[in-house]
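Here is the structure we will look at.
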Amino acid sequence: MNDQIVELELFCERLYEATDPAIRTEAEKSLVVFSNSPDCLQKCQVLLERATSSYSILLAATTLTKLVSRGSNSLALDQRIDIKNYLLNYFATRSKLAPFVIQALSQLLVKLTKYGWFESKDDNFVFRTIANDIKQFLQGGSIDHCIIGLKLLSELVSTMNQSEDNLSMAKNRKISGLFRDSYLYGIYTTALNLLKQMTSEKMDLQNQQQTNMLGGLLTLLKHCLNYDFIGTSFEESADDFGTIHVPTQWKETFLDFTNLHLFIDLYLVVPIEISPLAIGCFVQWASIRRSLFDSSERPKYLQELMNGVKKFLDAPQRLENTDNYHEFCRLLSRIKANHQLGEILKTSEYKESIQMITKFTVTSLSVLNFAPNSLYYLLNMWQKMVASCPFVKENDAHLLEQFTPQITEAYVTSRLESVKAIVQNGADDPLEDASLLHQQLDQISTIARCEYLKSCNLMMQAFDQSVQSFQETRSNPTTPAAQIAEGQITWLVYIIAYCIGSRVSFSSTDDHDRMDGELSARILQLMNLTDMKLPQIGSEKLEWAFIGFLDQFKKIYIGEQVNKSTKVYQLLGERLGINDESAMLELFTRKLITNMKYWSHSERIIKRTLTLLSDLSVGYSSVRKLVKLETIQFVLNNHTPEHFPFLGAQTNVSRKAKKCREKFYIALGRFLLVDIGDEEERFFAFVRPLTVQLENISQRLDPTNGNSYPADETESMIIGVFQDLKGLSSAFNSRTSFQMFFDWIEPKYTHLMPRLLEISCRNYQVTQTVLQLARELTQNRSQRLNFDVMVPNGVLLFRLISKTLVTFGSYLVTLTNVPTDQLYDVKIKPILLCFSMLRAALAGGYVNFGVLRLYGDDALENALGMFIKLLGSIEQKDIMEYPKLGKSYYTLIEVVVEHHIDQVCKLDPQMFLHIISTLSEGLVAIDLSISTGCCAALDHIVTFLFTNWQKATKSGNPMNELAEHPALKILELRSEIFQQMLATVVNIVMFEECRNMWSMSRPLLGLILLNEKVFTVLEERITQVQENAEKQQKMATYFRDLMDGVERSLSAKNRDRFTQNLSSFRSNVKAMLGVLSGHSIPVLEMMGFTV
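For the record, in the sequence shown the residue sitting at position 455 is 455 according to the UniProt record's numbering, with numbers rising by one throughout.
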């Protein structure tokens, strides 16, 4: 053993200290073997006791943590109790441990606690004493022990607030709630009292130990206030993000304002490295839910917060620290989110406070690239203040009209100055970060509209100056001066665009609309100027900004809800001759056509351009106006590579730009339907360019054609044309339009699909494009596939899908040992496309599958057979690991067992059981749609089995029936699989957070009727494990009531009766066991139950 310990220590040293990657890799492999060895527990204990290296202790701690996290069955209860006691003693006797060792051992201790929370021995919950055990380190021990105790408590609070993957959601919430109700407040008050005691004595802030202890106390307090008190994790994007819903019992603590003063005083004096913790605690206090205080207490509390803000601003040198700055910005945002503007302006010295905050904001904006993530909170505060202005009483002066122009000016000026730093010093360009840019512009545009006339005058002056510089340097665009001018004008286009897009109708005036017109006219003039220089000179960033402007303008001034008498068009008519919406749409389309013609090399611009074109094609009135324009008619008649290069196969066109062509044809399809109605001649004229390309592809694939073609060009042509077809098919959602489309491609061009899948099976880009088109063709949106009874198109389409599936599926099932990094693209995605395609074909309702059987057509059998083969070719774990694959599979299997259960029951018993196993796994899926679909699929299977079992039982010789019917033979030979399923569903209903109770009740009744004896045994076991006779009697009564009035049938009436009983049963069980209350419950694990 000693030799093994020495060897392990050597491997740990190599893993963490070696510089040679090969040595580290070899050491890691050896340690993985150790962690998976059967005797790793014993070795870990020896390592903790004898190891001389901190890395060895770290290995032991992390290995034990993984072992504990596997669940309560991985270690015996006595073993886990021994480890807990050993760790507490280990900390008590070894106070000089490396920080990372303390962290690892702390995680092990709290994981033991959480996973053993419901474990009891001699009627005592042995792991719930952990808080009191740790507090012993804080009482009378050395300062080192106090620091360890604080770290342990912090880790405990943090872990109890997190979800463990190996615990169910219900159990995670139960543990978290019990800890919150029983221990959290005590830990919080203990830390607060220790902090008061420490500050009341003379502190030596030069002493590192005292500083560490102070930091530990503040960290613990922050973790306590960060606790998820209401059991729902919050989203940062929500308005109430970060609101702390402390229980009412905590109220007195927060009304003691000396605690708030304590955090302020500490922030001002403690070393700079822990000052963010002090202000962070203050931020948490500012985030306390407003409903905790009554109407007399809330103004006092808010006043204390505003006093704290002033004190923080009076110490600007501390805010130079980025962490302090970030927390202060969060503080301002939280105060506004938690309190109304009308309440804030009633605080004393409001004017002085808002002046100081304005000065702070202006300074923050002027310092480029300083904590950009923090700037979000600062601008968010101003944005919400401005948004609240209309709701403030007239007599209350908020003074924002005095200060917001300063904010707007500082932002505009700083962004223009940032361009110089970017060009001259190579600084990061904010224009490259689209999400951050959108976030800031959305905020500053709301602020700018507070005093809009001043903001517009500022922007127009800056715009005119920048345009002049831009024109002067345009002839030589590579010079720094030209780049600066281009960057500045780009910023101004963005800012103006978002200001126009932030218009709110109830607070806007005619003067505001005229200013929008002034700004829009300037941008449109500049846009025309730059378009005249294409393709010789062009700026991708500026073009991107122009599209953003068009998008924002469309949102406000184009559409059904726009006021036709708006002053914007009056001013645009005076300046540019754009008198109404139709004239503006004409300008829009000219710009979009220009982009498609000259920017084929830019995927960003093409994609955004086509997205805007697609958006314009959706509106009812705008699309009808657009179709009348000459520009749109030109596109409908000339959608060829000669006019729009991104439609071609040229190598100089961005490959990603070519992928956008689906959106292009979606928009064209919508325009076409409005323009032609059901005129076939116009339709065939429109698709002539596509017909030419399809004929070209047919010739290239013809084996008798002796000509050779570049492979890259052919591949590009195939991908492009099939994307075009998919786009058109997506747009044709009426029966008449899709009939024209289908008559055009069937059968002359549809034969290309299986042919391409056969000859290009290894080219996943081609195959995926073909499969996506096939999937699109099967979508019966708006009943578009309900063809006329006189045409066989439904059968022809299904035959095509079946042939496509069998052709490519035959290749997919042969793929083995695919590298992990290629598995999704090469195998998983094609299979999920096949599943999705088949599901849509089977559920579309446009094929009479009985007719196929009647006339001996094997298309259905072939398709279902290939589905089973594809299912067998992938590992079961992949179904849940790849969410898209899981969704496509579970939606398909639900349709298959609903309409073709007879085919499923004829399968090999092993494959049938494999399907049942996947359904069992899907029942406990986090995705509710998957769980509900599995319930429906299982219900279809169980109903089929029970119905046939009843028929066999009623016949004169049931054993012969069982032998003849494959489904009943499976039921006879492998009945335990349904017994396991019964236990699983009962466990979910009784002990999990069952969000689809109705769906769970459907298969449960059938499972009970198929396994009545097993259900009786299950009922007895659940009843017997209750902790006393009273609860056992209640549980027995609940089970009797569950089947009260329920007959041995699966009729709709009987199912509804059972569902009602099950709902009452679940409510009664929850109330008795206390799953939704604060009382402890014994948790019954039945997943391994068999009879």
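Even glycine gets a Cβ: it sits at the ideal position worked out from N, Cα and C. These figures come from a predicted structure and were not determined experimentally.
Give the DSSP bridge partners of residue i, in chain order.
{"i": "residue 120", "result": "125"}
{"i": "residue 288", "result": "244"}
State buried or exposed for residue i, treating a residue as buried only when at least 16 other CB atoms are found within 10 Å of its CB.
{"i": "residue 438", "result": "exposed"}
{"i": "residue 606", "result": "buried"}
{"i": "residue 166", "result": "exposed"}
{"i": "residue 889", "result": "buried"}
{"i": "residue 926", "result": "exposed"}
{"i": "residue 25", "result": "exposed"}
{"i": "residue 21", "result": "exposed"}
{"i": "residue 747", "result": "exposed"}
{"i": "residue 366", "result": "exposed"}
{"i": "residue 98", "result": "exposed"}
{"i": "residue 96", "result": "exposed"}
{"i": "residue 7", "result": "exposed"}
{"i": "residue 1029", "result": "exposed"}
{"i": "residue 327", "result": "buried"}
{"i": "residue 12", "result": "buried"}
{"i": "residue 552", "result": "buried"}
{"i": "residue 785", "result": "buried"}
Would you kindly report the start and end of the unbroken alpha helix (DSSP H) that includes residue i?
{"i": "residue 663", "result": "661 to 676"}
{"i": "residue 506", "result": "No alpha helix (DSSP H) contains residue 506, which DSSP labels as neither H nor E."}
{"i": "residue 649", "result": "Residue 649 -> no alpha helix (DSSP H), and no H or E assigned at all."}
{"i": "residue 878", "result": "876 to 881"}
{"i": "residue 1039", "result": "1029 to 1042"}
{"i": "residue 363", "result": "350 to 366"}
{"i": "residue 683", "result": "680 to 686"}
{"i": "residue 709", "result": "Segment: none, residue 709 is in no alpha helix (DSSP H) and carries neither H nor E."}
{"i": "residue 250", "result": "Looking at the DSSP string, residue 250 is not in any alpha helix (DSSP H), and its letter there is neither H nor E."}
{"i": "residue 192", "result": "185 to 200"}
{"i": "residue 914", "result": "909 to 923"}
{"i": "residue 555", "result": "540 to 557"}
{"i": "residue 738", "result": "735 to 745"}
Looking at the structure shown, is residue i part of a helix, part of a strand, or coil, going by DSSP?
{"i": "residue 310", "result": "helix"}
{"i": "residue 70", "result": "coil"}
{"i": "residue 754", "result": "helix"}
{"i": "residue 716", "result": "helix"}
{"i": "residue 958", "result": "Any reading at residue 958 must be qualified, since the residue scores a pLDDT of 48, below 50, and its modelled position is unreliable; the value itself is stated next. It is helical."}
{"i": "residue 599", "result": "coil"}
{"i": "residue 443", "result": "helix"}
{"i": "residue 376", "result": "helix"}
{"i": "residue 75", "result": "coil"}
{"i": "residue 975", "result": "coil"}
{"i": "residue 991", "result": "helix"}
{"i": "residue 804", "result": "helix"}
{"i": "residue 301", "result": "helix"}
{"i": "residue 1008", "result": "helix"}
{"i": "residue 580", "result": "coil"}
{"i": "residue 15", "result": "helix"}
{"i": "residue 794", "result": "helix"}
With the cut-off set at 7 Å, would you say residue i and residue j are in Cβ contact?
{"i": "residue 75", "j": "residue 60", "result": "no"}
{"i": "residue 827", "j": "residue 818", "result": "yes"}
{"i": "residue 793", "j": "residue 844", "result": "no"}
{"i": "residue 1106", "j": "residue 488", "result": "No answer is possible for residue 1106: it lies beyond the span of the chain, which begins at 1 and ends at 1091."}
{"i": "residue 450", "j": "residue 400", "result": "yes"}
{"i": "residue 290", "j": "residue 226", "result": "no"}
{"i": "residue 834", "j": "residue 805", "result": "yes"}
{"i": "residue 1059", "j": "residue 1001", "result": "yes"}
{"i": "residue 893", "j": "residue 886", "result": "no"}
Can we count residue i as close to the ligand MG, meaning its CB is less than 6 Å from some heavy atom?
{"i": "residue 1051", "result": "In the structure shown, the ligand MG is absent, as is every other ligand, since no ligand is present at all."}
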